[in-house]
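I have placed the structure first, in the form of structure tokens, so that the comments after it can refer back to it.
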Amino acid sequence: MILDHPSVGCFASHCGFGSMWESLMSDCQMVLVPQHGEQILNARLMAEEMKVAVEVERGENGWFLRQSLEDAVKTVMGEGSEVGEKVRKNHEKWRCVLSDSGFADGYISKFEQNLTDLVKS
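Position one of the sequence shown corresponds to residue -16 (the numbering used here), numbered consecutively onward.
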């Protein structure tokens, strides 16, 4: 995974499904630049619900401005940034949860049990 390379500090993501999961599992910080469809929903999930990234603000015309992208990167990468600290802490928490082998095993076991119960009823 490219995002795991130590030279990558921040990933400006379009928030496609694959990019979303790859960035969640990496150590790099995330700046979200969704374009359309599910990317917008994924960005809102990651920025507003999970609080693991910062979404780049759009200008009045709906376009992303260079300054907005720069501000978002400084927010997630800046040492003194309160938002950046919170995002980094939450990102680490989610990465640990998602990479825990018990997380997937427990989900699969529960899914199997639900299927078994469904077949029996």
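The beta carbon of each residue, even a glycine, is placed where N, CA and C say it ideally should be.
- Note that the region -9 to 10 touches the region 24 to 41; at least 3 beta-carbon pairs, one per stretch, sit closer than 8 angstroms.
- Using a Cβ distance threshold of 9 angstroms, Leu81 and Met13 do not count as a contacting pair.
- Two segments are said to touch when three or more pairs of C-beta atoms, one from each, lie closer than 8 angstroms; by this definition the region 92 to 99 does not touch the region 36 to 47.
- Rounded to whole angstroms, the gap between the alpha carbons of Glu75 and Ala87 is 18 angstroms.
- If you draw a 10 Å sphere on the C-beta of Ser84, you find fewer than 16 other C-beta atoms in it, and that means exposed.
- The DSSP-derived three-state label of Val37 is strand.
- Asp(-13) and Lys103 have their C-alpha atoms some 45 angstroms from each other.
- Between the alpha carbons of Glu21 and Ser(-10) lies a gap of roughly 29 angstroms.
- In the three-state scheme derived from DSSP, where H, G and I count as helix and E and B as strand, Leu15 is classed as strand.
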